[in-house]
Amino acid sequence: DAKTTQPNSMESNEEEPVHLPCNHSTISGTDYIHWYRQLPSQGPEYVIHGLTSNVNNRMASLAIAEDRKSSTLILHRATLRDAAVYYCILRIFGNEKLTFGTGTRLTIIP
Amino acid sequence: AAGVIQSPRHLIKEKRETATLKCYPIPRHDTVYWYQQGPGQDPQFLISFYEKMQSDKGSIPDRFSAQQFSDYHSELNMSSLELGDSALYFCASTPGPVPGGELFFGEGSRLTVL
Chain A
22 DAKTTQPNSM ESNEEEPVHL PCNHSTISGT DYIHWYRQLP SQGPEYVIHG LTSNVNNRMA
82 SLAIAEDRKS STLILHRATL RDAAVYYCIL RIFGNEKLTF GTGTRLTIIP
Chain B
308 AAGVIQSPRH LIKEKRETAT LKCYPIPRHD TVYWYQQGPG QDPQFLISFY EKMQSDKGSI
368 PDRFSAQQFS DYHSELNMSS LELGDSALYF CASTPGPVPG GELFFGEGSR LTVL
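So the sequences go chain by chain: A and B.
When the letters of the first sequence are read in order and numbered with this note's numbering, they come out as residues 22 to 131.
When the letters of the second sequence are read in order and numbered with this note's numbering, they come out as residues 308 to 421.
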């Protein structure tokens, strides 16, 4: 499976935007970029996904580099409830499982 | 909206015993995935089913087996339990192997092996 690289941890102040980076230099043309997050003692939760174009939903935005070798998850206004481990995952077309790597532990400072 | 239901939520077993975890997917979801998450670790894919057939297999020990039933619920059977099997076990479901689609996860079953 293609690999992703994320910072181990990040901190952000409450009510400020957060930009979570992800590198995926070995991505192939049919790999979808997925983001999930996991709050303490809960199951992973879908955040957003994209293929080539930037994407927005009620939770976040996903900015995908033109060469697709990196992406950034944007939380527009972080709240304490956004404190979680965020996983950037490449989902291979035709192989639907998610392979979790080491995500980014996001801490929100009140 | 209905979510993925897992039972039991907590389970305590002794070494060498057997445990069964159950997963009830969201209605009309026919694809189920099982994940294991040890303490301080990231979720690891175990096995998946699509339309009651095994569709993919990950790092699932031979002591573990799983199946998906006609009503699409799935059960993970674990035998000869070891201390290292203590973990959170998550089930996820999707409405078929939709390329790029979202996986819906349950809240997990916490297995403690003593």
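Don't be surprised by glycine CBs; every beta carbon is placed ideally from N, CA and C.
Here the structure is a predicted model, which means the values were calculated and not measured.
Report the residue from B/M385, B/Y331, B/R370 and B/H380 whose alpha carbon sits nearest the alpha carbon of B/G429.
-> The shown model of chain B, from 308 to 421, leaves out residue 429 of chain B, and the question about it has no answer.
Beta-carbon proximity of B/S416 to B/P346, cut-off 8 Å | no
Would you tell me roughly how many angstroms separate the C-alpha atoms of B/D322 and B/N384, rounded to the nearest one?
-> One detail in the question is off: residue 322 of chain B reads as Lys in this sequence, not Asp. Going from the Cα of B/K322 to the Cα of B/N384 covers about 15 Å.
Delimiting residues of the beta strand (DSSP E) encompassing A/D103 = No beta strand (DSSP E) holds A/D103; DSSP gives it neither H nor E.
Where does A/R58 land, buried or exposed, given buried means 16+ other C-beta within 10 angstroms?
-> buried
Among A/C109, A/F114 and A/E117, which residue has its Cα nearest to the Cα of A/W56?
-> A/C109
Give the single residue among A/S92, A/I85 and A/S74 whose Cα lies nearest to the Cα of A/P28.
-> A/S92
Looking only at its own chain, which residues have a Cβ that is under 6 Å from the Cβ of A/T51, when we skip the five neighbours before and after it?
-> F114
Sequence-distant residues of its chain with Cβ nearer than 6 Å to B/T327 (five each side left out) | E382 and N384
Is it buried or exposed for A/A99, if we count other Cβ within 10 angstroms and need 16 for buried?
-> buried
Please go through the same chain and pick out, in chain order, the residues whose beta-carbon is closer than 7 Å to the beta-carbon of A/D136, but skip the five residues on each side of it.
-> An answer regarding residue 136 of chain A cannot be provided, because it is not within the stretch 22 to 131 covered by chain A.
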